[in-house]
Structure formats: C-alpha cells, structure tokens
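Undergrad: Those protein sequences? They're chains A, B, C and D, same order as listed.
Residue numbering for the first sequence follows our numbering, beginning at 74 and increasing consecutively.
Residue numbering for the second sequence follows our numbering, beginning at 74 and increasing consecutively.
Residue numbering for the third sequence follows our numbering, beginning at 74 and increasing consecutively.
Residue numbering for the fourth sequence follows our numbering, beginning at 74 and increasing consecutively.
There are 4 protein chains.
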Amino acid sequence: MPKDSLAALTKLVLDFRAARDWKQFHTPKELAISLVVESAELLEIFQWKQGVELDQAVAKRRTEIADELADCLHSILLLAHDLKIDLGEALFEKMNKMEEKYPVAKAKGKPRKYNELE
Amino acid sequence: MPKDSLAALTKLVLDFRAARDWKQFHTPKELAISLVVESAELLEIFQWKQGVELDQAVAKRRTEIADELADCLHSILLLAHDLKIDLGEALFEKMNKMEEKYPVAKAKGKPRKYNELE
Amino acid sequence: MPKDSLAALTKLVLDFRAARDWKQFHTPKELAISLVVESAELLEIFQWKQGVELDQAVAKRRTEIADELADCLHSILLLAHDLKIDLGEALFEKMNKMEEKYPVAKAKGKPRKYNELE
Amino acid sequence: MPKDSLAALTKLVLDFRAARDWKQFHTPKELAISLVVESAELLEIFQWKQGVELDQAVAKRRTEIADELADCLHSILLLAHDLKIDLGEALFEKMNKMEEKYPVAKAKGKPRKYNELE
Chain A
74 MPKDSLAALT KLVLDFRAAR DWKQFHTPKE LAISLVVESA ELLEIFQWKQ GVELDQAVAK
134 RRTEIADELA DCLHSILLLA HDLKIDLGEA LFEKMNKMEE KYPVAKAKGK PRKYNELE
Chain B
74 MPKDSLAALT KLVLDFRAAR DWKQFHTPKE LAISLVVESA ELLEIFQWKQ GVELDQAVAK
134 RRTEIADELA DCLHSILLLA HDLKIDLGEA LFEKMNKMEE KYPVAKAKGK PRKYNELE
Chain C
74 MPKDSLAALT KLVLDFRAAR DWKQFHTPKE LAISLVVESA ELLEIFQWKQ GVELDQAVAK
134 RRTEIADELA DCLHSILLLA HDLKIDLGEA LFEKMNKMEE KYPVAKAKGK PRKYNELE
Chain D
74 MPKDSLAALT KLVLDFRAAR DWKQFHTPKE LAISLVVESA ELLEIFQWKQ GVELDQAVAK
134 RRTEIADELA DCLHSILLLA HDLKIDLGEA LFEKMNKMEE KYPVAKAKGK PRKYNELE
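1) Cβ atoms of Leu160(C) and Leu79(C): under 7 Å apart, would you say?
2) Would you say Ile106(A) faces chain C, with C-beta separation under 7 Å as the test?
3) Are the CB atoms of Ser112(D) and Val109(C) nearer to each other than 7 Å?
4) When Cβ atoms are compared, which residues of the segment 172-185 of chain B fall closer than 7 Å to chain A?
5) On the premise that Ser107(A) lies in contact with Gln120(C), defined as a C-beta separation below 8 Å, what is that separation, rounded to the nearest angstrom?
6) For Glu117(D), which residues in chain B fall below 8 Å Cβ to Cβ?
7) Quickly, what does DSSP pair Ser78(B) with across the bridge? List them, please.
8) If you draw a straight line from the C-alpha of Leu156(B) to the C-alpha of Ile149(B), how long is it?
9) Would you mind sorting Leu190(A) into buried or exposed? The rule is 16 or more other CB atoms within 10 Å of its CB.
10) Kindly list the residues whose CB is nearer than 8 Å to the CB of His99(B), restricted to its own chain and excluding five residues on each side of it in sequence; keep chain order.
11) Check each candidate in Leu115(D), Lys102(D), Glu114(D) and Val125(D) and name the one with the smallest Cα separation from Glu114(C).
12) Using a Cβ-Cβ distance under 7 Å, would Ala113(B) count as near chain E?
13) Round the Cβ separation of Lys167(C) and Asp140(D) to the nearest angstrom and send it over; I've been treating them as touching at under 8 Å.
14) Counting only runs that start and end within the segment 127-167 of chain A, where is the beta strand (DSSP E) found for 3 or more residues in a row?
15) By the DSSP assignment, the alpha helix (DSSP H) with Phe119(B) in it spans what residues?
16) Can you give me the Cβ contacts of Ala143(D) inside the same chain, cut-off strictly under 7 Å, excluding the 5 residues immediately before and after it?
17) Rounded to a whole number of angstroms, what is the C-alpha to C-alpha distance between Lys174(B) and Leu164(B)?
18) Would Glu172(A) be called buried (16 or more neighbouring beta carbons within 10 Å of its own) or exposed?
19) Does the distance from the CB of Ile118(A) to the CB of Arg135(A) come in under 7 Å?
20) Quick check on the burial criterion: 16 or more other C-beta atoms within 10 angstroms. Buried or exposed for Asp128(D)?
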C-alpha cells in the first residue's frame, strides 16, 4: 500500500478503529484532547534543553519523536475523516490565507505574528 | 498538484517557508511548541460544551476547525521533513505497535489505556 | 510554615531551585512549556472517559491529580516570581475584567464565550 | 481581603462561579481542558522568539502574561476545590517527592529529567 497518500493513511487508522469498535469514544472533542496530549508529549522531549543538550536529545530520541508525530497525525486523520474535512484541500486553503497574512516583502526573515509586522 | 500526497503537501509548506527565510526560526523545539499551541486552539473550539451546544459549535465553526487541523498538519510536515522522518512510514510502524498494545480481543469496546486493560 | 500563603509556597519552590542551581534553565519560555506539558498530563488522566468510567478514574487517581496540580502551581509560582508579577493581585484584576465580560444577567447558566453571549 | 491566601483566592473564584451558576459546566475534565487551553495561550506569547525579540515580548506583554497566569491559577483553584484537594499541602508533598527524585548532589546544574541523571 502506498504510504504517502492521506487516503491510504486514513484507511489504516479507520480499519484499526473499526476492529476495536472505538468510534463510539472518538468524538471530535475527545480527538482534539488526544491531539493536545500527544503534542505535549512531543514537546516534553525538548523541554529544559538548549544547544548541545537539545541536539543530543533530538538525535537520541528520534524514534520517540517519530512515534509522537505519528500519534498526532493519527488524531488529525480521524478528526478530518469524521468531520468530512478534506485535509489536503484544507492545507492548500490555509496556505493561501497565510500568503495574504504574511506577504514575502513584509515577513521575510522576521519571527513575528502577522499583527506584529510593520 | 495532487493534494493527497504527503510529498506534495510537504513541498507546499517548504516553498512557503523558503520564500520567507523562516527556516532559521523553525527548530524542532519551536515547531513542537507551535503544534501544541495550534492543537490547543482547536480544543478551545469544543471547550465547555456538551450535547446540542457542542454539535452546534462543530457545525458552525467547521472552517475554523479545518484551518486548525491544517495548522497542525503544517507543523507536523515541517518537523518530519527537518528531522528526516518518513511520516507515512512512522504511522505504519506506530500502528503495528498499537496492534500489539491493544489486541482486538482485549481492547474491543473499551475506552482504556493499554495498561488498564484486563 | 503556613501552607496556605502564596508567599510561603513561593519560598518553598525558590529554595528547591536555588539548591539545585536551576534558575539558569528557568526562562519564562521554558516555564511556560513546563506548564503546558504538566497541564496536558493532568488532562490525560481524564482522556477518553465519560460518565462512570470518568468518575472512577477521578476517584482512583486522586493522588496523581493532586501531584499534577502541584506541578502546575509550581511553574506558575516560579513564572510569577521571576517576572515580578503579584499573582494574588493578578487574579483579583482578572476577575474584575471577567465581571465586565460576563455580566451575571447575560452569562448565568450559559456555557459560552463572552463573544457568543446575546 | 488578603490576596495572598489560597483560601481567599478560592473564595473569589467560587463566588464568581456561583453568581453565574456555572458549576454545572465545571467538571474536572472541563477544568483540565481549560487549564491546557490557557497554558497554551501563555506559551503562545513566547512562540518563535529568542534572545532580544523574546525579552522585548516579555516586557511589552507583561499584563497579558499576568492575565494568563491568573487564568491558569483560576482553573487550578476550582479543580482543587471541587476534588477536595488541599493545594498547599499537595505542593509540599510534591516537593518532598522531588527532593528524592532530584537529590542536590546529582541534579545540581543539570537540565535533565530524573531518569537521565547519572
């Protein structure tokens, strides 16, 4: 199976869920909770560290990081599916909005929110 | 461009970033912060609500939800790219681990963590 | 020592930190990361559960909940101290703003954000 | 009213809630969601920034930071009250556990989790 298509990845997580009869627990709200909890587990890997200590943590814990990213993608795919949101389309639309909010001429090289740009 | 492939979506966010010279701000740690912040914005949409009030919020704020999901996917794609993690592969591997942690016979119909299953 | 005063609790966490020479790691940004990570660990306790399953989790994991709340308070006390924010005063001021945003006549019995009130 | 006692601050948030009849929405799970959402809003203030840009954000947005800290404390006080957890006592107990996990001799000057200490 192609591992690069959202459709294939979505099928993977739907089959897993169907086999366990877990859809009943997967309200959008619970899936959003799940996404926050997993994102925070990812962030925890980088916590307190800077510079060399941080680089070492990233190198040493790469499998954990991949696992947490997969967990996050998992929740996103289910949420999008259940709410009938086309995730690829949503990203394209979002990037269009971002192009307007962050025009290259103003945003280039600046770590600022759009409302802080001059 | 196909909107269903991780490769195409990754190219989309990389081009956006390159044009703004933002890679310098996108350490894995900052991208993980970003993912948590956006996940929490998604969760905020469902906050305090249950039942009918919740269903109404989901219906009314569907575009916002799609936007937040796109934001989360955005951060995940960048993080995976920068750390040379194959996201599709990572999800397949994670689901294999989940198959072991949550065998159908034990987990079916139960909203529990693997360490709470009997 | 009185365990009910913010001053006494702040002294407790400052002494712990000074003994370990950890102030160098405690930038406001890192402490905010810490607060998010700990809050998400608290939320994780309630994840996926509703009704009886949820009540049982709360009853059974009360010590863990107290620990996570203490962790969160810990980060808040350090952040407030380091930024010279009077936390008690900040709460009083915030509640004043909340009184205006959520007048009793409009907000009573409604699980809504102030911008959703009629 | 003394603004430094947990009892006084708890009374403040309880009175606010009672006047709006909001206890019905304040399950421990919802309050934990609230705490995560508010913590992430705090973290958002520090997002993307380092060095001088970060220091400037902290200085310029001090009132917002105080507001977010107050929001977090608000949720913590309600959660502790509703679950009959003595928050001051919980912090003292937690710090005792931390003393054991992070003995000064091993932890001094190291930004590591207890399971990473040598």
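Beta carbons are placed, not taken as given, at the ideal position from N, Cα and C, and that holds for glycine.
TA: Looking at the atomic coordinates:
1) yes
2) yes
3) yes
4) Tyr175, Val177, Ala180, Lys181, Gly182 and Pro184
5) 7 Å
6) Val110
7) Ser78(A)
8) 11 Å
9) exposed
10) Arg90, Leu151 and Asp155
11) Lys102(D)
12) Structure shown: chain E not included; protein chains present are A, B, C and D.
13) 6 Å
14) none
15) Pro101 to Phe119
16) none
17) 15 Å
18) exposed
19) no
20) exposed
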